Amino acid sequence: MNTAVPVSPVALVAALRSAGVEPLVDRALGPLTTYRCGGAAAVFVEVDSPEDLVAVAAVTARLAPPVLVIGKGSNLLVADGGFDGVAVQLVGAFLDVRVDGTTVVAGGGASLPVVARRTVAAGLTGFEWAVGVPGSIGGAVRMNAGGHGSDMAAVVRRVRVVDLCVGNDVTMAAGDLGFAYRGSRVRPSDVVAEVELALDPGDAAAGRRRWRRSCAGVENTSRAVTTRVRCSRIRRVTRRAV
Ligand SMILES: Cc1cc2nc3c(=O)[nH]c(=O)nc-3n(C[C@H](O)[C@H](O)[C@H](O)COP(=O)(O)OP(=O)(O)OC[C@H]3O[C@@H](n4cnc5c(N)ncnc54)[C@H](O)[C@@H]3O)c2cc1C
4 MNTAVPVSPV ALVAALRSAG VEPLVDRALG PLTTYRCGGA AAVFVEVDSP
54 EDLVAVAAVT ARLAPPVLVI GKGSNLLVAD GGFDGVAVQL VGAFLDVRVD
104 GTTVVAGGGA SLPVVARRTV AAGLTGFEWA VGVPGSIGGA VRMNAGGHGS
154 DMAAVVRRVR VVDLCVGNDV TMAAGDLGFA YRGSRVRPSD VVAEVELALD
204 PGDAAAGRRR WRRSCAGVEN TSRAVTTRVR CSRIRRVTRR AV
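To convert a position in the sequence shown, counted from 1, into our numbering, add 3.
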């Protein structure tokens, strides 16, 4: 029997504030997801720097609330009852992408299409497939996202992971991530804070042709989904108005 007393949102908010982080209470999660539905997080934190992420992890490790990492929400369906814990989303410095030769370092919140375009513009090849996947690179590592015959396992060299349950901050080599088909050893309490990719020199024009082919028929898959969601809302509103 689990006799642990669940920590209250009030205690969580107070602890996060004293760690220098400003949380939100009862933050609706639906708008942060592709499917735009579901309830609220009891406590929600946007984290914009590695220092703040480590500070949040120290609080969650000490108070042990349920934790949820939210990327771009393209693979998340939130329960109507919401989430009774701390939800964390990476913003700010975690959206940055740096290219140095054939090495690409991206913050865990960076958008896959943005990273893919940056790598092609830098004359690199190996990540064009990600241009049509509407997620973040951190979420992509967790599920070993992929397409067009490639996946994250083929390009990741190392990742920085902060564990919200234990509070530690470690760098893991690709070989330790247990990549499998649409899965990895990254746990629900792990935040993939930074990802280093090892790509190959390529040709920007050829890369652009490859990404156009990979999006053929659906220029941008995420736009296709949001358009459909918006259309169904418009239809519902129209029916009510009539
Ligand atoms: C239209 C459409 C097309 C898609 N096409 C593809 C495709 O071609 N190939 C493919 O593989 N997938 C595809 N997906 C699924 C989805 O985009 C990918 O799984 C993506 O990698 C999820 O990333 P996300 O940031 O949206 O994660 P979320 O949906 O926010 O979260 C998914 C999971 O990852 C975890 N997570 C999110 N961010 C982090 C982080 N920084 N650190 C640790 N864990 C994290 C969450 O806790 C959750 O468990 C598609 C989805 C849509 C809607």
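We put the beta carbon where it would ideally sit given N, CA and C, even for glycine.
Source: prediction; values computed, not measured.
For residue 77, the distance from the CB to the nearest heavy atom of ligand 1 is below 7 angstroms. Look at residue 194: its beta carbon is less than 7 angstroms from one of the heavy atoms in ligand 1. For residue 130, the CB contacts under 7 angstroms within the same chain, skipping 5 residues up- and downstream, are 118, 119, 122, 158, 200 and 202 in chain order.
In this structure, residue 175 has its CB at a distance of at least 7 angstroms from all heavy atoms of ligand 1. A straight-line Cα-Cα distance of about 16 angstroms links residue 68 and residue 56.
By alpha-carbon distance to residue 126, the top candidate from 208, 39 and 17 is 208. Contact between residue 146 and residue 161 does not hold, since their C-beta atoms are separated by about 18 angstroms, which reaches or exceeds 8 angstroms. Apart from the 5 residues on each side of it in sequence, residue 78 sits with its Cβ closer than 7 angstroms to the Cβ of 138, 142 and 146 in its chain, given in chain order.
Per DSSP, residue 133 lies in no beta strand (DSSP E) and is assigned neither H nor E. Less than 8 angstroms divides the Cβ of residue 167 from the Cβ of residue 70. A heavy atom of ligand 1 is found nearer than 7 angstroms to the CB of residue 137. Annotation for residue 127 indicates a beta carbon at 7 angstroms or more from all heavy atoms of ligand 1. With a cutoff of 8 angstroms on beta-carbon distance, residue 109 and residue 198 are scored as near each other. Rounded to the nearest angstrom, the gap between the Cα atoms of residue 64 and residue 11 is 15 angstroms. In this structure, residue 102 keeps its C-beta atom at 8 angstroms or more from the C-beta atom of residue 113. Secondary structure of residue 19 (DSSP, three-state): helix.
Residue 36 has its alpha-carbon roughly 17 angstroms from the corresponding atom of residue 27.
Counting along the chain, the unbroken alpha helix (DSSP H) around residue 58 starts and ends at 53-66. Residue state for residue 34 is assigned as helix, using DSSP reduced to three classes. The alpha carbon of residue 151 has as its nearest neighbour, out of 140, 135, 53 and 182, the alpha carbon of 135. At a threshold of 7 angstroms, residue 72 counts as near ligand 1, since its beta carbon sits closer than that to one of the ligand's heavy atoms.
Across the structure, residue 88 and residue 206 are spaced so that their CA atoms are roughly 46 angstroms apart. If you compare the alpha carbons of 80, 183, 29 and 86 with that of residue 39, the shortest gap goes to 80.
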